[in-house]
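Enquirer:
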Amino acid sequence: MRFPRFSFFLLCLFCAILLFAFTLLLTSTAPTDLPAKLASLSLFVLALAMTLEAPLLTRGVQQLGSGANTRDWIRSLLILVFLIFFLMLLERGERLMDFSEDGFHQLRQSSIRFLAQRKFSLTVFAMRNRDAELYGILERFLEVLQTHLPQASVRWIDPSTQPTQARESGIRTLPSILVQGEADTVLIGRSQLFGNMGKTARGRAFYGESALVEAVKSLENSQVVHLLFPELGKGPFLDLSAGGYSQFVQLLKSQGFLPSISETLPSTSEPTLVFLPPRKIPLPLSLELVKRIQSGAKTILFFEPSPHQPLGELSREMEWEYLGFPVVDPLRNAGNELSFLLPHFGSHPIAARLDNHFPVLLPGTSAFLSNSPRAQPILRSSSFSWAENPSGGSKNPVFNPESERKGPLDLALGIGENLVLLADQGFLSNEFLPHPGNQALILNSLYFLSGRLERASAYPKFISERPLQVPEQTRRNWIALILFLLPLSAWCIGGLLSFLRWREQYSSK
Amino acid sequence: MNQFFLLSAHLLRVQISSSGTYYILGAFWLLLAYIFSLSMVQVRQANIIPVFWWAGFSSLFLIPILCLNTYLKGSVDNFFTLQRTLGISTASITLGYFVQRVVLLLLLDSILAIQYGFLVLYGSPDHGLHTCAFLGLLCLQMAYLSVSLFVSSLSKDRILTMMTSVGLLLGLWLLSYANQLFSGILTPLGQILRKGSLYYPFSHFLSGAFYPTELLSLCIWIFFPLWLCSIQGKR
Chain A
1 MRFPRFSFFL LCLFCAILLF AFTLLLTSTA PTDLPAKLAS LSLFVLALAM TLEAPLLTRG
61 VQQLGSGANT RDWIRSLLIL VFLIFFLMLL ERGERLMDFS EDGFHQLRQS SIRFLAQRKF
121 SLTVFAMRNR DAELYGILER FLEVLQTHLP QASVRWIDPS TQPTQARESG IRTLPSILVQ
181 GEADTVLIGR SQLFGNMGKT ARGRAFYGES ALVEAVKSLE NSQVVHLLFP ELGKGPFLDL
241 SAGGYSQFVQ LLKSQGFLPS ISETLPSTSE PTLVFLPPRK IPLPLSLELV KRIQSGAKTI
301 LFFEPSPHQP LGELSREMEW EYLGFPVVDP LRNAGNELSF LLPHFGSHPI AARLDNHFPV
361 LLPGTSAFLS NSPRAQPILR SSSFSWAENP SGGSKNPVFN PESERKGPLD LALGIGENLV
421 LLADQGFLSN EFLPHPGNQA LILNSLYFLS GRLERASAYP KFISERPLQV PEQTRRNWIA
481 LILFLLPLSA WCIGGLLSFL RWREQYSSK
Chain B
510 MNQFFLLSAH LLRVQISSSG TYYILGAFWL LLAYIFSLSM VQVRQANIIP VFWWAGFSSL
570 FLIPILCLNT YLKGSVDNFF TLQRTLGIST ASITLGYFVQ RVVLLLLLDS ILAIQYGFLV
630 LYGSPDHGLH TCAFLGLLCL QMAYLSVSLF VSSLSKDRIL TMMTSVGLLL GLWLLSYANQ
690 LFSGILTPLG QILRKGSLYY PFSHFLSGAF YPTELLSLCI WIFFPLWLCS IQGKR
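If you're matching them up, the sequences are chains A and B in order.
For the first sequence, the working numbering gives the first residue as 1, with consecutive numbering after it.
For the second sequence, the working numbering gives the first residue as 510, with consecutive numbering after it.
#1: DSSP on H344 of chain A, reduced to helix/strand/coil?
#2: Within this structure, are the beta carbons of S664 of chain B and C576 of chain B separated by less than 8 Å?
#3: Give me the Cα-Cα distance between V470 of chain A and C648 of chain B, rounded to the nearest whole angstrom.
#4: Got a sec, what are the start and stop residues for the alpha helix (DSSP H) G637 of chain B sits in?
#5: Roughly how many whole angstroms lie between the Cα atoms of L628 of chain B and L638 of chain B?
#6: Could you work out which residues of chain A lie near L539 of chain B, taking near to mean beta carbons separated by less than 8 Å?
#7: Quick one: complete beta strand (DSSP E) runs, 3+ long, within the segment 267-345 of chain A?
#8: Provide the residue(s) that pair with D410 of chain A in DSSP beta bridges, ordered along the chain.
#9: Closest to S295 of chain A by C-alpha separation, out of A:A215, A:E417, A:G324, would be which residue?
#10: G170 of chain A: which of A:L187, A:K253, A:V398 sits nearest, CA to CA?
#11: Could you tell me the distance, in whole angstroms, from the CA atom of S450 of chain A to the CA atom of L323 of chain A?
#12: Please compile the residues from chain B whose C-beta is within a distance smaller than 8 Å of the C-beta of P467 of chain A.
#13: Is the CB-CB distance between L193 of chain A and G208 of chain A below 8 Å?
#14: Can you have a look at W478 of chain A and say buried or exposed, based on whether 16 or more other CB atoms are within 10 angstroms of its CB?
#15: Can you tell me which of A:R118, A:V328, A:A297, A:K291 puts its alpha carbon nearest to the alpha carbon of G312 of chain A?
#16: Since F86 of chain A is in the alpha helix (DSSP H), which residue starts that stretch and which ends it?
#17: If we ignore side chains and look at the alpha-carbon of each, how far apart do G495 of chain A and S528 of chain B end up?
#18: In whole angstroms, what is the alpha-carbon distance linking L702 of chain B and L228 of chain A?
#19: Taking Cβ positions, are D410 of chain A and P377 of chain A nearer each other than 8 Å?
#20: Helix or strand or just coil, what does DSSP make of H713 of chain B?
#21: Should E220 of chain A be flagged as near chain B, meaning a C-beta pair shorter than 8 Å?
#22: Taking the straight line between their C-alpha atoms, what separation do you get for F99 of chain A and A47 of chain A?
#23: What's the C-alpha gap between L695 of chain B and I157 of chain A?
#24: Is the CB of E209 of chain A under 8 Å away from at least one CB in chain B?
#25: Using a beta-carbon distance cut-off of less than 9 Å, what residues from the segment 104-132 of chain A approach chain B?
#26: Looking at the structure shown, is Q554 of chain B part of a helix, part of a strand, or coil, going by DSSP?
#27: Looking at chain B, which residues of the segment 339-363 of chain A have a Cβ within less than 9 Å of any of its Cβ atoms?
#28: Threshold first: 4 residues or longer. Then list the alpha helix (DSSP H) segments lying entirely within the segment 228-263 of chain A, N to C.
#29: Quick one: what's R155 of chain A bridged to in DSSP?
#30: Does the structure place the segment 667-678 of chain B close enough to the segment 111-119 of chain A that three or more beta carbon pairs sit under 8 Å?
#31: Measuring only the C-alpha atoms, how far is F691 of chain B from W736 of chain B?
#32: Assess contact between the segment 352-360 of chain A and the segment 433-447 of chain A, defined as three or more Cβ pairs (one per stretch) separated by less than 8 Å. Is contact present?
Shown next, in the form of structure tokens:
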């Protein structure tokens, strides 16, 4: 018996090591660099085996081509080289062909234009074996990004093989992207890329594009934003509860804004967000506010439904009226709750940047009336709505034409280029801010006031869910047809053909 | 050209009248129907992309079996008869064998059309995504077929052919993970190897979006081994 050669054992060892490395790569959930080390080892073993078997390999190659014309093999080699060269040529600047109806893999032209004008580099911290699905989406997104922006450098780091770099960059979740600008860096974590759960009611959500645009914006932003909350001492402004505004402040910070919270009006002309209390505003503050707005300082006023008429003098001068009564809109209410409104978008440039797929949700809003040509509606209620007078006393609100104002009503107004009026504050609270539409409304308003509406918020992308509406019995019938009848009929035909052939052979004998 | 069509028609007739074809058809349909049923019960979405994935993965083992006998004893006799008596070129014969098996693959994949019909009846599937996935699956299967035909033309040992084909196809599938295995200074090697993988472009087709070069690389995997196979046929 011939004993196998040493190189045979080496080849077996190469296969075993490689197989083990792949198995480890696909099954391991803990960070480990063992598969990479094993792959390198397997390459070394293969190289050793090939060196030992060099004469045999040469003979094999000669034998392979022995029957055919040498010219054919040379031609084949040349064709292969040409094809590979052709592929490499085509790969430069090729465009993705996206056939999915959601257009999930495409980048918005506005994002491409915005990112193309900025200098940044990306370092991606991800492990394929841990988050295979998310990794795939992220990988495809960055590939598409690089085809549009070849100047953007993307570096992939596997934290299992380079743990020091991941630690130094402050990586806590995987996958994460570190966006490096000229002077500063911003980290985009897993929840910013894929939402908190990775899945929403509409399907799988991917926020990568919007998160990247926002991160690049925040690298450049250093805009101070003043938040005036006259009842700061009394109210739970930075509270983490549903009624607090801690997430709003975090959102501003994540966008690169520098929020400054105070009870008194700042003397600077920087954008100021004023949260008007439902109670009467102290006269000195009211006068200061009127003076500030008259001077053309950029301001957003947030009202709360209240019987008081705040800033009465200013409203008369600028020809708008605050109704104060809560708006009821049976046609545009959310979740059968009449006080939660999903308003229509108006004609203002801010509204033009909002997306109907991401509605703004207003809890308990009031409305404005205005005939001024300077006032443009941002949000509007439907023509079935009305401003409900709570003094009517009825539990079920019914429109009373004598004492109540019928819609459509303006729920947010833009007056000129420096003033925005919003008839609600609650939409910025921790409970309602997570709605992408609410975030977009406030950020777009801020960008509008600072004259940078082109930076308006981008939206996440979704792979929409497509549920099957099939009765249980029908589903069972189909499964029976596909699972049993079709394979069985194929086997029956096969059996019949075998039988016919056997009978033919039998009769010929 | 006329001879090629006559040959293809003859091979197709042989294929359709073979009982083995229907046994394979039944087994493949059963596997895909099982995956489909599972996804209907568990996910209840108008999406059969997992079935496409399984069709691609199971083809990895099925197609080498389909190509086993192509150049073995009886078939080789037929091959020489065709080549010498009728004067059909080796390229036409190789292409004829290829077309014969592609038709069988289309028959195998026809179960996907039935499943898709179910989705259209009771839901609103993403037509673009599924068309793209089907194109990817067909290209992958044709690439497998081409590689398997080439391997079977190299050897007359049935076991060796089977093992080599499956090993090669499995290796070409796993190459898509090469960039994960090779890091540091070996990163470019990992990236080049991944570009040569068959699964890498297929996975992109399954997501509904691909680059033209990915389609082209699959086409190279289809036509280049066929070309080599026809050269090898001259021996």
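In this text, a Cβ means the ideal position worked out from N, Cα and C, and glycines have one as well.
This one's a predicted model, so the numbers in the text were calculated from it and none came from an experiment.
Expert: On the basis of the supplied data:
#1: Reading the first sequence from its first residue, position 344 is the one you call residue 344 of chain A. In this structure, H344 of chain A counts as strand in the three-state DSSP scheme.
#2: Walking along the second sequence from the start, residue 664 of chain B turns up at place 155. Walking along the second sequence from the start, residue 576 of chain B turns up at place 67. For S664 of chain B and C576 of chain B, no; Cβs fall outside 8 Å.
#3: As a working mapping, residue 470 of chain A is identified with position 470 in the first sequence. As a working mapping, residue 648 of chain B is identified with position 139 in the second sequence. Taking the straight line from one Cα to the other gives about 32 Å.
#4: The residue labelled residue 637 of chain B in the question sits at position 128 within the second sequence. Element bounds for G637 of chain B: 636-663.
#5: Locating residue 628 of chain B in the second sequence gives position 119, where the first residue counts as 1. Locating residue 638 of chain B in the second sequence gives position 129, where the first residue counts as 1. When rounded, the distance between both Cα atoms is 13 Å.
#6: In the second sequence, counting from the first residue as 1, residue 539 of chain B sits at position 30. Correct list: L483, P487.
#7: 272-275, 299-302, 320-322, 337-341
#8: Residue 410 of chain A sits at position 410 when you count from the first residue of the first sequence. According to DSSP, D410 of chain A bridges with A:F368, A:R380.
#9: Locating residue 295 of chain A in the first sequence gives position 295, where the first residue counts as 1. For the residues A:A215, A:E417, A:G324, the minimum Cα distance to S295 of chain A belongs to A:E417.
#10: As a position in the first sequence, residue 170 of chain A is number 170, starting the count at 1. It is A:L187.
#11: Within the first sequence, residue 450 of chain A is the residue found at index 450, counting from 1. Within the first sequence, residue 323 of chain A is the residue found at index 323, counting from 1. If I take the Cα positions, the gap works out to 28 Å.
#12: As a first step, residue 467 of chain A must be located in the first sequence, where it is residue number 467. R553, Q554, A555, G632, listed in chain order.
#13: If you number the first sequence from 1, residue 193 of chain A lands on position 193. If you number the first sequence from 1, residue 208 of chain A lands on position 208. Yes, they are a contact pair.
#14: The sequence position of residue 478 of chain A within the first sequence is 478, counting from 1. Buried, because 16 or more other Cβ atoms sit within 10 Å of the Cβ of W478 of chain A.
#15: For the purposes of this step, residue 312 of chain A is taken as the residue at position 312 of the first sequence. The shortest C-alpha separation from G312 of chain A is found at A:K291.
#16: One-based indexing of the first sequence puts residue 86 of chain A at position 86. Here the alpha helix (DSSP H) through F86 of chain A covers 70-91.
#17: If you number the first sequence from 1, residue 495 of chain A lands on position 495. If you number the second sequence from 1, residue 528 of chain B lands on position 19. Rounded to whole angstroms, G495 of chain A to S528 of chain B spans 7 Å at the Cα level.
#18: Residue numbering aside, residue 702 of chain B sits at position 193 when the second sequence is read from its first letter. Residue numbering aside, residue 228 of chain A sits at position 228 when the first sequence is read from its first letter. Cα to Cα, L702 of chain B sits roughly 59 Å from L228 of chain A.
#19: On the first sequence, position 410 is the one that residue 410 of chain A refers to. On the first sequence, position 377 is the one that residue 377 of chain A refers to. Yes, they are a contact pair.
#20: Translated into positions along the second sequence, residue 713 of chain B becomes position 204. Helix at H713 of chain B.
#21: To locate residue 220 of chain A, count along the first sequence from 1; it is residue 220. No, E220 of chain A lies away from the interface with chain B (no Cβ there is under 8 Å from its Cβ).
#22: Numbered from 1 along the first sequence, position 99 holds the residue referred to as residue 99 of chain A. Numbered from 1 along the first sequence, position 47 holds the residue referred to as residue 47 of chain A. Cα to Cα, F99 of chain A sits roughly 43 Å from A47 of chain A.
#23: In the second sequence, counting from the first residue as 1, residue 695 of chain B sits at position 186. In the first sequence, counting from the first residue as 1, residue 157 of chain A sits at position 157. So the two alpha carbons sit approximately 14 Å from each other.
#24: Within the first sequence, the letter at position 209 stands for residue 209 of chain A. Answer no: the Cβ-Cβ gap between E209 of chain A and chain B never drops below 8 Å.
#25: F104, H105, Q106, M127, R128, N129
#26: What you label residue 554 of chain B is simply residue 45 of the second sequence in a count that begins at 1. Here Q554 of chain B sits in strand by DSSP.
#27: none
#28: 246-254
#29: As a position in the first sequence, residue 155 of chain A is number 155, starting the count at 1. In DSSP, R155 of chain A forms a bridge with A:T123.
#30: no
#31: Along the second sequence, read from residue 1 onward, the residue named residue 691 of chain B stands at position 182. Along the second sequence, read from residue 1 onward, the residue named residue 736 of chain B stands at position 227. Distance between the alpha carbons of F691 of chain B and W736 of chain B: 32 Å.
#32: yes
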